[in-house]
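This report concerns only the one structure given below.
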Amino acid sequence: MMLNLIDLIPEEKVKDEEDLIEKCHEIIKQIYPDLLIRWAKIYGNRWSFIRGDQTGLSLAMEKHQLTKSVGILLDNPEILTPEQKEELLNGLKEAFLNAKYV
Amino acid sequence: MLTKNEIDKWIESVIKPEQIEKYLENGRDFIDDHFIYETLMANKNPDKSRIREIISKSLELNRLEPEETAALLNCEDEELWEEMFEAGGKIKEKVYGRRIVFFAPLYVSNYCVNSCVYCGFRTENEKTVRKQLTMEEVEAEVKALISKGHKRLIVVFGEHPLSDVHFIAKTLNTVYNTKEGRGEIRRCNVNAAPMSIEDLEILRDVGIGTFQVFQETYHHETYRKLHPRGIKANYGWRLYALHRAMDAGVDDVGIGALFGLYDPKFEVMGLLMHTIDLEKRFGGVGPHTISFPRLEPASNTPFTRQSKYLVDDKTFKKLVTVIRLSVPYTGMILTARERAEVRRDVIPVGVTQIDAGSNIGIGAYSTDTVDHDRQQFILGDTRGLDEVIREMAENGRITSFCTAGYRCGRTGDYFMDIAKKGKVHHLCMPNAILTFKEYLLDYASEETKMVGEKLIEKELEALPSESLKNTVREMLKRIENGERDLFL
Numbered sequence: 026m027m028l029n030l031i032d033l034i035p036e037e038k039v040k041d042e043e044d045l046i047e048k049c050h051e052i053i054k055q056i057y058p059d060l061l062i063r064w065a066k067i068y069g070n071r072w073s074f075i076r077g078d079q080t081g082l083s084l085a086m087e088k089h090q091l092t093k094s095v096g097i098l099l100d101n102p103e104i105l106t107p108e109q110k111e112e113l114l115n116g117l118k119e120a121f122l123n124a125k126y127v
Numbered sequence: 007m008l009t010k011n012e013i014d015k016w017i018e019s020v021i022k023p024e025q026i027e028k029y030l031e032n033g034r035d036f037i038d039d040h041f042i043y044e045t046l047m048a049n050k051n052p053d054k055s056r057i058r059e060i061i062s063k064s065l066e067l068n069r070l071e072p073e074e075t076a077a078l079l080n081c082e083d084e085e086l087w088e089e090m091f092e093a094g095g096k097i098k099e100k101v102y103g104r105r106i107v108f109f110a111p112l113y114v115s116n117y118c119v120n121s122c123v124y125c126g127f128r129t130e131n132e133k134t135v136r137k138q139l140t141m142e143e144v145e146a147e148v149k150a151l152i153s154k155g156h157k158r159l160i161v162v163f164g165e166h167p168l169s170d171v172h173f174i175a176k177t178l179n180t181v182y183n184t185k186e187g188r189g190e191i192r193r194c195n196v197n198a199a200p201m202s203i204e205d206l207e208i209l210r211d212v213g214i215g216t217f218q219v220f221q222e223t224y225h226h227e228t229y230r231k232l233h234p235r236g237i238k239a240n241y242g243w244r245l246y247a248l249h250r251a252m253d254a255g256v257d258d259v260g261i262g263a264l265f266g267l268y269d270p271k272f273e274v275m276g277l278l279m280h281t282i283d284l285e286k287r288f289g290g291v292g293p294h295t296i297s298f299p300r301l302e303p304a305s306n307t308p309f310t311r312q313s314k315y316l317v318d319d320k321t322f323k324k325l326v327t328v329i330r331l332s333v334p335y336t337g338m339i340l341t342a343r344e345r346a347e348v349r350r351d352v353i354p355v356g357v358t359q360i361d362a363g364s365n366i367g368i369g370a371y372s373t374d375t376v377d378h379d380r381q382q383f384i385l386g387d388t389r390g391l392d393e394v395i396r397e398m399a400e401n402g403r404i405t406s407f408c409t410a411g412y413r414c415g416r417t418g419d420y421f422m423d424i425a426k427k428g429k430v431h432h433l434c435m436p437n438a439i440l441t442f443k444e445y446l447l448d449y450a451s452e453e454t455k456m457v458g459e460k461l462i463e464k465e466l467e468a469l470p471s472e473s474l475k476n477t478v479r480e481m482l483k484r485i486e487n488g489e490r491d492l493f494l
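Going down the list, the protein sequences come from chains A and B.
Its first residue numbered 26, the first sequence is counted upward by one per residue in my numbering.
Its first residue numbered 7, the second sequence is counted upward by one per residue in my numbering.
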């Protein structure tokens, strides 16, 4: 299963990677409003916070690398079923892989 | 040996005037000497109620304004100072809990083109034996540090073409790729010469932890006199080093002043102004850490004993307290420059990070030697890591080797936001417990293990919820069963 995020960004041009992150974040929040998600730029060991939910405490935080330089951190992944999570992650990876920036 | 001409050419190639000018306001930097003097003068003899109001503001984790910090610095009432010491400790506990982060310095090169009159590494000091580690030697040093239990380093470089950004990046890669037994270095901070945004992006890409540059003295005229030649002679290039780091995406930066060069009240005000300017320009994100080393004796460096601004122990504790109260949510580093008794006295007023078992000679960890002629200064606390960790534990402070934050997106404004809300310890205390457990299992003496295990039990019980306690207990079991590097 794959959530086709690119298709959910209708008619809009994606300016750059940050813009894509912004748009993906908004779409995910529409689908899973309670999901706590943070976006990070990956530099070696460093995952630098870009945007997302500022919670402060998570007992089950999960890190997922989407591309060489972009990752997400889910602070409450337990609210997703394994299938939903897989669908989300595959959709995000696909969106970043196929994104065309203008 | 480089000629003066070669050094000048190198300096010219490094300093990019436009990367100073872009931060100036009306052509001026954010350190207004007259404003600082006037603010200090205007807030002399503060009354008790005003000091107590300011303390309350700090206790609510609000950063102070310059006039408030000036009032604290001018306080002469010893009873109020006791209240401030107590408040400093409370603030630290509120933001960071009862944990203390440990790191080790690793001096990689002492070649330097600067002429800082107070520094053993200054280019004119012929008594200093110059050395730069090869990557094989860096690996040997890192292995020696890992085998003591360290997980966090700050690598230190003299300011010289030999230690350019590519050499520093190579060093970071070597540090991160070195393993020894079950251990590795998980966060590597850097103290090096100020560099351009483009060079800082190179360090960002190899996973730098905190980038640390100390202004040493914020007072323009004193700075000019004490840094007569070399790349460090440019006040503005140094002052905006961390602004450039933030612009390069290195969103953890460390500021510092060297007490003993000029009026320490001025320096504390300078640290505050630096914090304010960073916060103003980078969406509320100020320095990740503040350092406040005191001038220490150095080989063949008479200035270190002659300066009229040397800070005594009692004054030092007060200055550290004022920094704690002025910027309640920022990490504060007290190094092994200080004697053990000074550290015992000052840590409780709000220090969050210390080093121990440090050796600042170039290549000295792997050979386990002390050579003052290869050191920038002489250390005050030469106790081993295990001994200091045990002492901390006996005093109820849990050692943390946690490096989770910067590996899972708790950096920059995310970190500052949770720090300002006093939420850092919700995550950091569990992570401190987990990394302390690793230390006890892999590196601690039997004596330290006994004290440490009791402390872990106590801190587990103090965690705020049953679900968190259970989560941490399960992770502790996994560590006992051989897993490593678990964190929340």
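Even for Gly, the Cβ is constructed at its ideal location relative to N, Cα and C.
Quick caveat: nothing in here was measured; it's all calculated off a predicted structure.
Beta-ladder partner(s) of Tyr113(B), from DSSP: Val162(B)
Rounded to whole angstroms, how far is the Cβ of Val355(B) from the Cβ of Val326(B), which I believe are closer than 8 Å? 6 Å
Hey, quick one: how far does the alpha helix (DSSP H) through Leu440(B) stretch, first residue to last? Val430 to Asp448
Report the rounded CA-to-CA distance for His280(B) versus Glu103(A), giving the unit in angstroms. 42 Å
Identify the contact partners of Leu494(B) in chain A, using a Cβ-Cβ distance below 7 Å as the criterion. Ser83, Leu84 and Met86
Spatially closest choice to Ser313(B) from Glu142(B), Asp269(B) and Leu151(B), by CA coordinates: Asp269(B)
Excluding the 5 residues flanking Ser64(B) on each side, which residues of the same chain have their C-beta closer than 7 Å to its C-beta? Leu70, Ala93, Ile97, Leu331 and Pro334
Quick one: what's Trp64(A) bridged to in DSSP? Arg76(A) and Ile97(A)
Residue-chain proximity (Leu98(A), chain B), Cβ-Cβ < 8 Å: yes
If the cut is a Cβ gap below 8 Å, which residues of chain B does Phe74(A) touch? Asp257, Gly415, Arg416, Thr417, Gly418, Asp419, Tyr420 and Phe421
Return the bridge partner residues of His134(A) from the DSSP annotation. Lying outside 26 to 127, the shown extent of chain A, residue 134(A) is not represented and no answer is given.
Classify Lys10(B): buried if its beta carbon has 16 or more other beta carbons within 10 angstroms, exposed otherwise. exposed
Tell me whether the beta-carbon of Val317(B) lies closer than 8 Å to the beta-carbon of Gly266(B). yes
Just to confirm, are Lys238(B) and Arg244(B) a CB contact at a threshold of 8 Å? yes
Can you list the residues of chain A that Tyr102(B) reaches, using a CB-CB cut of under 9 Å? Here the premise fails: no neighbours, minimum Cβ distance about 13 Å.
Buried versus exposed, by CB contacts within 10 Å (16 or more), Gln55(A): exposed
Which residue wins for smallest C-alpha separation from Arg76(A), given the options Arg56(B), Cys414(B) and Leu278(B)? Cys414(B)
Using beta-carbon positions only, say whether Leu30(B) and Val274(B) come within less than 8 Å of one another. no
Quick one: what's got a C-beta closer than 8 Å to Asp377(B)'s C-beta in the same chain, skipping five residues either side? Val135, Gly367 and Ala370
Only counting the same chain, and skipping five residues up and downstream in sequence, which positions put a Cβ closer than 6 Å to that of Tyr113(B)? Val162, Ile366 and Ile368
Where Thr477(B) and Leu469(B) are concerned, what is the direct C-alpha to C-alpha distance, given to the nearest angstrom? 11 Å
In chain order, each alpha helix (DSSP H) run of at least 4 residues that lies wholly inside the stretch 160-203 of chain B: 171-183
Can you grab the Cα-Cα spacing for the pair Gln221(B) / Gly262(B), in whole Å? 6 Å
Among Tyr445(B), Val394(B), Thr409(B) and Pro234(B), nearest to Arg6(B) - alpha-carbon criterion: The question about residue 6(B) has no answer, for chain B in this structure spans 7 to 494.
Which full runs of the alpha helix (DSSP H) of 4+ residues lie inside the stretch 311-370 of chain B, going along the chain? 319-332 and 346-352
Since Ile404(B) is in the beta strand (DSSP E), which residue starts that stretch and which ends it? Ile404 to Ser406
Does the beta carbon of Lys38(A) sit closer than 8 Å to a beta carbon anywhere in chain B? no
Proximal residues of chain A, C-beta to C-beta of Ser473(B) below 9 Å: Leu84
At a threshold of 7 Å, does Asn476(B) count as lining the ligand COA (C-beta to nearest heavy atom)? This structure lacks the ligand COA; in fact it carries no ligand of any kind.
Measuring CB to CB, does Ser83(A) end up less than 8 Å from Lys66(A)? no
Mind checking Thr409(B): buried by the 16 CB within 10 Å criterion, or exposed? buried
Is the CB of Ile35(B) under 8 Å away from at least one CB in chain A? Sequence inspection shows Asp at residue 35(B); the Ile mentioned does not correspond to that position. By this cut-off, Asp35(B) is not an interface position.
Straight-line CA distance for Gly402(B) to Leu461(B)? 7 Å
Run the CB neighbour count on Asn306(B), radius 10 Å, all protein chains shown included, and call it buried at 16 or more, exposed below. exposed
Chain B within 8 Å of Glu116(A), Cβ atoms only: Correcting the residue identity first, residue 116(A) is Gly in this sequence and not Glu. Taking Cβ atoms only, chain B never reaches closer than 8 Å to Gly116(A), which makes this a no.
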